[in-house]
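Everything on this sheet refers to the single structure shown next.
Residue numbers (this note's numbering): 473 to 598.
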């Protein structure tokens with residue numbers, strides 16, 4: 473099992489508790505990897521969908537897709553240039569580290585109904 477900080481998706485941790493989440497965030501911060509995924513519905517492994525959420529009656533359940541945690545690095549990092557943007561355009565999910573550009577790309581393509589899906593409304597909360 474890889475150490476917590478090497479996991480790009482915190483929902484995929486073997487132990488999903490406060491201590492392991494904080495340790496994973498700390499390790500990524502120290503490596504200047506300021507974006508961390510915590511997607512419960514995608515890439516979280518079997519049975520992890522909505523981990524930690526109380527089940528509600530079926531009419532009130534909400535599927536949370538992408539969750540991206542951004543850590544303040546307290547220093548300038550080269551994360552937003554054209555080169556980085558191009559890397560995340562139409563990339564294979566999971567092939568690059570978590571990034572706000574990946575969230576935007578998935579939302580854009582889902583809205584247009586690309587990648588074999590029907591068009592879906594999108595919402596991004598910052």
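Note that the Cβ used here is the ideal one computed from N, Cα and C, for glycine as well.
Nonlocal neighbours in the same chain, by C-beta distance under 6 Å from residue i, ignoring five residues either side
i, result
"residue 558", "none"
"residue 597", "none"
Residue i and residue j closer than 9 Å at C-beta
i, j, result
"residue 551", "residue 571", "yes"
Exposure label - residue i; buried when at least 16 CB within 10 Å
i, result
"residue 588", "exposed"
"residue 504", "exposed"
"residue 497", "buried"
"residue 485", "buried"
Residues near residue i in its chain [Cβ-Cβ closer than 7 Å; skip 5 each side]
i, result
"residue 594", "579, 582, 583"
"residue 560", "568, 571, 573, 574, 577"
Contacting residues, own chain, Cβ-Cβ under 8 Å from residue i (five flanking each side not counted)
i, result
"residue 509", "480, 481, 482, 483, 515, 538, 539, 540, 541, 570"
Where the beta strand (DSSP E) containing residue i begins and where it ends
i, result
"residue 508", "507-509"
Cutoff 9 Å: residue i Cβ touching any chain B Cβ
i, result
"residue 587", "Structure shown: chain B not included; a single protein chain is present."
Limits of the unbroken alpha helix (DSSP H) element including residue i
i, result
"residue 572", "572-584"
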